[in-house]
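For what it's worth, our numbering labels the leading residue of the sequence shown as 73, then goes sequentially.
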Amino acid sequence: MFTLLNAAPDTGNQGVSALCHSVVSGLVGRGAERITVADHGRGQRQADWGYTTVDLVGLTHNRRFWRGDSLRTARAMARIGGGIGAPARVIKRSKAVLDISGGDSFTDIYGRKRFEAMALTKRMALDAGVPLILLPQKLGPFKDNAAATEAVDILRRAAAVWVRDAQSYAFLAEKLGRDFDPQRHRLAVDVAVALPQARPANLDANLMSWLAANRAFPLAGLNVSGLLYNDASASRQTFGLADTHDAQIEAVARGLLTADPKLRLVLVPHVHKNEAEPESDVAAARALVRRLGSLAENRVRIVEGQPSAMELKWILARLDWFAGARMHATIGAFSSGVPTLGLGYTDKAQGVFDECDIGKDVADLRKLDARALADRAVASFSAREMDRAGLRSRLDGIRARAAGEMDDIARQCGI
73 MFTLLNAAPD TGNQGVSALC HSVVSGLVGR GAERITVADH GRGQRQADWG YTTVDLVGLT
133 HNRRFWRGDS LRTARAMARI GGGIGAPARV IKRSKAVLDI SGGDSFTDIY GRKRFEAMAL
193 TKRMALDAGV PLILLPQKLG PFKDNAAATE AVDILRRAAA VWVRDAQSYA FLAEKLGRDF
253 DPQRHRLAVD VAVALPQARP ANLDANLMSW LAANRAFPLA GLNVSGLLYN DASASRQTFG
313 LADTHDAQIE AVARGLLTAD PKLRLVLVPH VHKNEAEPES DVAAARALVR RLGSLAENRV
373 RIVEGQPSAM ELKWILARLD WFAGARMHAT IGAFSSGVPT LGLGYTDKAQ GVFDECDIGK
433 DVADLRKLDA RALADRAVAS FSAREMDRAG LRSRLDGIRA RAAGEMDDIA RQCGI
């Protein structure tokens, strides 16, 4: 049995779900018979995901210490052999624990609480004496020296560490020093490159007609990140954006719609939260449509409902061009052969795109104001056919590399 941590499929963030399904489907395809995934539910349950049945176990970083699914309680129980808590028992019985840190959360830039959760889950496996394999993810940055020291201690004790960008690989090599082992410490492409597609079960008929192969107009896609859009002034201060993101993304949409009067634009939310919550991509998309006014009439549609990560990849694969700040939305697009412009607000997008040899296709939101970003997006859209040809020439190699790396991960797990 194997346990997957920090890839919970119930966060509403389809980027995290993409990581989860990419890992589970990859390992099942290589012979893994039983995988437990930690989520935010209660107790142990089973779920039919179509391609396999998984075990789920609740594990949450909260102060309900009397419950076995409290992360601190589960760690304490794991240290003494499992006890009565389901997560601790699952960890103790695992052949290996796989941890992907939500892709980019093994850092303290998102706050102390999230870093604590990342560290505690990993220490729970180490304390239980179970091999810990860190799956391809970004490491750092770290603002606090104590957090960096704790992270490096965990990295040194892990059975294997995979990272998804050259910057993280350099960090790993520098900090581990003589303990660095190229056989155990590896640089990889993001696992979501291999995420399967699934035809959406319920999709608006009008939107489905836009996605048809025989449409008579170019179809662009745009992700409006709630993280950056819904409190644009705060995000500008937090991430050092060159302009407020609402101004940036409105300029992109207006630029695209004005440059080609035949173009239709699909807004693709990739984080499904209640629309009152600040990270809701749906709320951000609706706000953008209101700002576009009459320009959006009959030309802009939002992907409604809550399509899964695999269903979203199916939608993305049918676009002519795509841009967005949610990185796993862009991975879903470019790994399907769709010309893609990543809108980077930290270094993570650049690192992942570089590893796939498409680093030129990242527009840095920290350097481009609204007008400059719109010009960059229109130029990228205009060059989409040339970019499509270049991307297709690389895709076989990217996919082969991702498959080989998952083969190696499976071997490290003893599959």
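Even for Gly, the Cβ is constructed at its ideal location relative to N, Cα and C.
It should be emphasised that the depicted structure is a prediction, and the values quoted were computed from it without experimental measurement.
Quiz item: Which of helix, strand or coil does DSSP assign to Q309?
Solution: For the purposes of this step, residue 309 is taken as residue 237 along the sequence shown, with counting starting at 1. In the structure shown, Q309 sits in a helix (DSSP, three-state: H, G or I).
Exercise. To the nearest angstrom, report how far apart R390 and A292 are at their CA atoms.
Key: Walking along the sequence shown from the start, residue 390 turns up at place 318. Walking along the sequence shown from the start, residue 292 turns up at place 220. Spanning the alpha carbons of R390 and A292 requires a straight line of approximately 10 Å.
Quiz item: From P213 to Q269, what distance separates their C-alpha atoms?
Solution: Your numbering for residue 213 matches position 141 in the sequence shown. Your numbering for residue 269 matches position 197 in the sequence shown. Straight-line Cα distance between these residues: approximately 32 Å.
Quiz item: So which of P208, V265 and D225 has the shortest CA-CA distance to G249?
Solution: Counting from 1 along the sequence shown, the entry for residue 249 is found at position 177. Among P208, V265 and D225, the Cα nearest to that of G249 belongs to D225.
Self-check item: Rounded Cβ spacing between C428 and F74 (contact assumed at less than 8 Å)
Solution: By 1-based counting over the sequence shown, the position of residue 428 is 356. By 1-based counting over the sequence shown, the position of residue 74 is 2. Cβ atoms of C428 and F74 stay farther apart than 8 Å, at about 27 Å.
Quiz item: What residue does the alpha helix (DSSP H) around G183 start on, and which one ends it?
Solution: Walking along the sequence shown from the start, residue 183 turns up at place 111. Looking at the DSSP string, G183 is not in any alpha helix (DSSP H), and its letter there is neither H nor E.
Quiz prompt | First and last residue of the uninterrupted alpha helix (DSSP H) at V235 | solution = As a working note, residue 235 is residue 163 in the sequence shown. If you look at V235, you'll find it isn't in any alpha helix (DSSP H); it sits in the beta strand (DSSP E) that goes A232 to V235.
Quiz item: How many Å lie between A356 and Q255 at the Cα?
Solution: Sequence index remark: in the sequence shown, residue 356 carries index 284 (1-based). Sequence index remark: in the sequence shown, residue 255 carries index 183 (1-based). Using only the alpha carbons, I get a separation of about 44 Å.
Quiz prompt | CB of L337 within 8 Å of CB of R362, strictly | solution = Taking the first residue of the sequence shown as 1, we reach residue 337 at position 265. Taking the first residue of the sequence shown as 1, we reach residue 362 at position 290. No, these two residues do not count as a Cβ contact at 8 Å.
Quiz item: According to the neighbour-count rule (16 or more other Cβ atoms, all chains shown, within 10 Å of its Cβ), is G416 buried or exposed?
Solution: Residue numbering aside, residue 416 sits at position 344 when the sequence shown is read from its first letter. It is buried - the Cβ of G416 has at least 16 other Cβ atoms within 10 Å.
Practice problem: Using only the heavy atoms of the ligand NAD, determine whether one of them is closer than 7 Å to the beta carbon of T310. | Solution: This structure does not include the ligand NAD; it has no bound ligands of any sort.
Practice problem: Go through the stretch 374–451 residue by residue and report every complete run of the alpha helix (DSSP H) that reaches 4 residues or more, in order. | Solution: 381–388, 399–406 and 420–427
Quiz item: Between the C-alpha atoms of N78 and V169, what's the straight-line distance to the nearest angstrom?
Solution: As a first step, residue 78 is located in the sequence shown; it is residue number 6 there, counting from the start. As a first step, residue 169 is located in the sequence shown; it is residue number 97 there, counting from the start. Using only the alpha carbons, I get a separation of about 11 Å.
Quiz item: Three-state secondary structure (DSSP) at I205?
Solution: Against the sequence shown, residue 205 aligns to sequence position 133. DSSP places I205 in strand when its eight states are reduced to three.
Self-check item: Straight-line gap, R229 to V162 (C-alpha atoms, nearest Å)
Solution: The residue you call residue 229 lines up with position 157 of the sequence shown. The residue you call residue 162 lines up with position 90 of the sequence shown. Between the alpha carbons of R229 and V162 lies a gap of roughly 20 Å.
Quiz item: What is the DSSP secondary structure of H257, counted as helix, strand or coil?
Solution: Taking the first residue of the sequence shown as position 1, residue 257 is located at position 185. Here H257 sits in strand by DSSP.
Quiz prompt | V324 versus L413, A306, S166 and A242, residue with shortest Cα-Cα distance | solution = Taking the sequence shown and counting its residues from 1, the one referred to as residue 324 is at position 252. If we check each option's Cα against that of V324, L413 comes out closest.
Quiz prompt | Three or more C-beta pairs below 8 Å linking the stretch 76–92 and the stretch 107–120 | solution = yes
Practice problem: Assign F425 to one of two classes, buried (16 or more other C-beta atoms within 10 Å of its C-beta) or exposed (fewer than that). | Solution: Along the sequence shown, one-based indexing puts residue 425 at 353. With 16 or more other Cβ atoms within 10 Å, it is buried.
Self-check item: Residue from A442, K167, W282 and L207 whose Cα sits closest to the Cα of V233
Solution: For the purposes of this step, residue 233 is taken as residue 161 along the sequence shown, with counting starting at 1. Considering only alpha carbons, the answer is L207.
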